[in-house]
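Below is one structure, written out as structure tokens, with a few remarks after it.
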Amino acid sequence: MDRTDQDIVRLLRGNGRLSHEEISREIHLSRPAVHDRVKRLEANGVIRGYRAEVDWEAVELPLTAFIWVRVTGICQPVGQQILALSTADALVESCHRVAGDWCLLLQTHSASTKALQALLDKIVSLPNVQNTMTTVALSTLTPDAQAEEACRREP
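In terms of my numbering, the sequence shown is residues 1 to 155.
See the structure below:
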């Protein structure tokens, strides 16, 4: 993967709906060349899909929490069971296998603390789950949000 491919990936990570024409203007490459590169990146599994960036408040899941999970035995099956616990008012967005004192790190979005508590109750009731530790996010900074804030501060 060369610098041009990295630039294409960076642009698509920022906005997965960019057209090949828009990308070509940004990186100064012909549209057909961009098309070929994007197709190759997709075929090689570098670009695995295009996703919507969700406003969790707009979908009524405003409470973001990170849940550390310690398990006995093999983590993978427990992670799969946890992902299946998502409901309309408590979504497990991702489950990461991590090194250290904990086995899994979950990112969740809930409608309320009551919904988060219900999700936690389901998680701790799973076989092989020893315990959990939960951290609730008060706000989230993203590279795009930081850039927007920096632009507002400039005179």
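Beta carbons are placed, not taken as given, at the ideal position from N, Cα and C, and that holds for glycine.
Note that this is a predicted model, so its numbers are computed, not measured.
Alpha-carbon to alpha-carbon, residue j and residue i
i      : j      : result
ASN44  : VAL9   : 13 Å
ASP7   : ALA84  : 36 Å
ARG97  : ASN131 : 15 Å
VAL38  : TRP56  : 29 Å
ILE47  : GLU53  : 16 Å
GLN107 : ILE27  : 34 Å
ARG70  : VAL136 : 18 Å
GLY16  : GLU22  : 11 Å
GLN80  : SER139 : 28 Å
TRP102 : LYS122 : 18 Å
Run of the alpha helix (DSSP H) containing residue i, from where it starts to where it stops
i     : result
HIS35 : 31-43
LEU11 : 3-14
Residue environment, residue i, which counts as buried when at least 16 other CB atoms sit within 10 Å
i      : result
HIS157 : Here the chain has residues from 1 to 155 only, and residue 157 is not among them.
ARG162 : Residue 162 is absent from the model: the chain starts at 1 and stops at 155.
ILE74  : exposed
THR99  : Residue identity check: residue 99 is Ala in the sequence provided, not Thr. Label assigned to ALA99: exposed.
Residue i beta carbon near the ligand MN (any heavy atom closer than 7 Å)
i     : result
GLN81 : This structure lacks the ligand MN, and indeed carries no ligand of any kind.
Own chain partners of residue i with C-beta closer than 8 Å, once the 5 adjacent residues on each side are dropped
i     : result
SER24 : SER30, ARG31, ALA33, VAL34
Span of the beta strand (DSSP E), counted from its first residue to its last, around residue i
i      : result
LEU63  : 63-71
ALA90  : 90-97
VAL136 : 129-136
Quick one: any contact between the segment 59-73 and the segment 101-114, if contact means 3 or more CB pairs under 8 Å?
-> yes
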